[in-house]
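Student:
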Amino acid sequence: MSEVAIISAVGVNRVIGIDNRLPWRLPEDLQYFKQLTMGSPMLMGRKTFESLPGLLPGRRHLVISRNPAWSAPGAEVFPSLAAAIGACAELPRVFVIGGGEIYRQAMDLVDTLYLTEVALSPDGDAYFPEFSPAQWQETAREAHTSAKGIDYAFVTYRRRR
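The numbering used here applies: residue 4 is where the sequence shown begins, and numbers increase by one.
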């Protein structure tokens, strides 16, 4: 069974997106995302897939869609998060990359959260689910300031067993 991990950038107010795009420009976070996900499959909702600039090299794109007729070149389509995770069972790790509804569905299934905690509270229409410190232990934190002066931290949480 694969390790199931979530990766997301999250504002102080839990905002993760607005109008199907990121609410900030943080190239350092995009580099971190690429570094962590390279070589691993990425599970996402259809809207998240459509928000990408195209297929991201070196990664499988598994898209969860309720519409069985939906398809896109390079995407593997699944009717549920469980089906998509099952398709990766033999792999060491799979990343859930969004959006908000997929994160909510995945929270009980994941072992690790890789969050970029962004010190902004932007307007948004997509949110990261709340999670309890009683269930998650912070195991790593790297604080940074972006070239544009935005404070952020790469934070890893592991599920308490």
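In this text, a Cβ means the ideal position worked out from N, Cα and C, and glycines have one as well. Remember, it's a predicted structure, so these values are computed and weren't measured experimentally.
With 16 as the cutoff for other CB atoms within 10 Å, does PRO60 come out buried or exposed?
Tutor: Numbered from 1 along the sequence shown, position 57 holds the residue referred to as residue 60. When all chains shown are included, PRO60 counts as exposed.
Student: Is GLY14 helix, strand or coil when you go by DSSP?
Tutor: Against the sequence shown, residue 14 aligns to sequence position 11. Of the three classes helix, strand and coil, the one that applies to GLY14 here is strand, per DSSP.
Student: Can you grab the Cα-Cα spacing for the pair ASP114 / SER74, in whole Å?
Tutor: By one-based count along the sequence shown, residue 114 stands at place 111. By one-based count along the sequence shown, residue 74 stands at place 71. Near 29 Å, if we compare the C-alpha coordinates of SER74 and ASP114.
Student: Might you give, ordered along the chain, the residues of its own chain that have their beta carbon closer than 7 Å to the beta carbon of GLU104, omitting 5 neighbours on each side?
Tutor: Position 101 of the sequence shown holds residue 104. Hits under 7 Å: GLY48.
Student: Would you kindly report the start and end of the unbroken beta strand (DSSP E) that includes GLY48?
Tutor: Taking the first residue of the sequence shown as 1, we reach residue 48 at position 45. GLY48 -> beta strand (DSSP E) spans 45-48.
Student: Please classify ARG69: does DSSP put it in a helix, a strand, or coil?
Tutor: Here residue 69 corresponds to residue number 66 of the sequence shown, with the count starting at 1. Coil.
Student: Indicate the three-state DSSP secondary structure (helix, strand or coil) for GLN140 in the structure shown.
Tutor: Taking the sequence shown and counting its residues from 1, one reaches residue 140 at position 137. Three-state DSSP puts GLN140 in a strand.
Student: Whole angstroms are fine: how far does the CA of SER5 sit from the CA of ILE88?
Tutor: Translated into the one-based positions of the sequence shown, residue 88 becomes position 85. Translated into the one-based positions of the sequence shown, residue 5 becomes position 2. If you take the alpha carbons of ILE88 and SER5, they lie about 8 Å apart.
Student: Just to confirm my understanding: we take LEU116, look at its own chain, exclude 5 residues before and 5 after, and list those with CB closer than 6 Å. What are they?
Tutor: Counting from one through the sequence shown, the residue named residue 116 turns up at place 113. ILE9 and TYR160.
Student: Pop quiz: VAL13 and THR119 are said to be a contact at Cβ under 8 Å. What is the actual Cβ separation, rounded to whole angstroms?
Tutor: The sequence position of residue 13 within the sequence shown is 10, counting from 1. The sequence position of residue 119 within the sequence shown is 116, counting from 1. At roughly 7 Å, the Cβ-Cβ gap stays under 8 Å, so VAL13 and THR119 are in contact.
Student: Within its chain, find whatever has a CB closer than 8 Å to the CB of PRO82; leave out the 5 residues flanking it on each side and keep chain order.
Tutor: For this step, residue 82 is matched to residue 79 along the sequence shown. Excluding positions up to five away in sequence, the list reads ILE67, SER68, ARG69 and PRO71.
Student: How long is the line joining the alpha carbons of ARG63 and LEU55, rounded to whole angstroms?
Tutor: The sequence position of residue 63 within the sequence shown is 60, counting from 1. The sequence position of residue 55 within the sequence shown is 52, counting from 1. Roughly 13 Å separates the two Cα atoms.
Student: Among TYR155, ARG17 and SER43, which residue has its Cα nearest to the Cα of ALA90?
Tutor: Locating residue 90 in the sequence shown gives position 87, where the first residue counts as 1. Checking every option, the nearest Cα to that of ALA90 belongs to SER43.
Student: Can you list, in chain order, the residues of its chain whose CB lies under 8 Å from that of ALA137, leaving out five sequence neighbours each side?
Tutor: On the sequence shown, residue 137 is found 134 positions in, with the first residue counted as 1. Here the set comprises ARG163.
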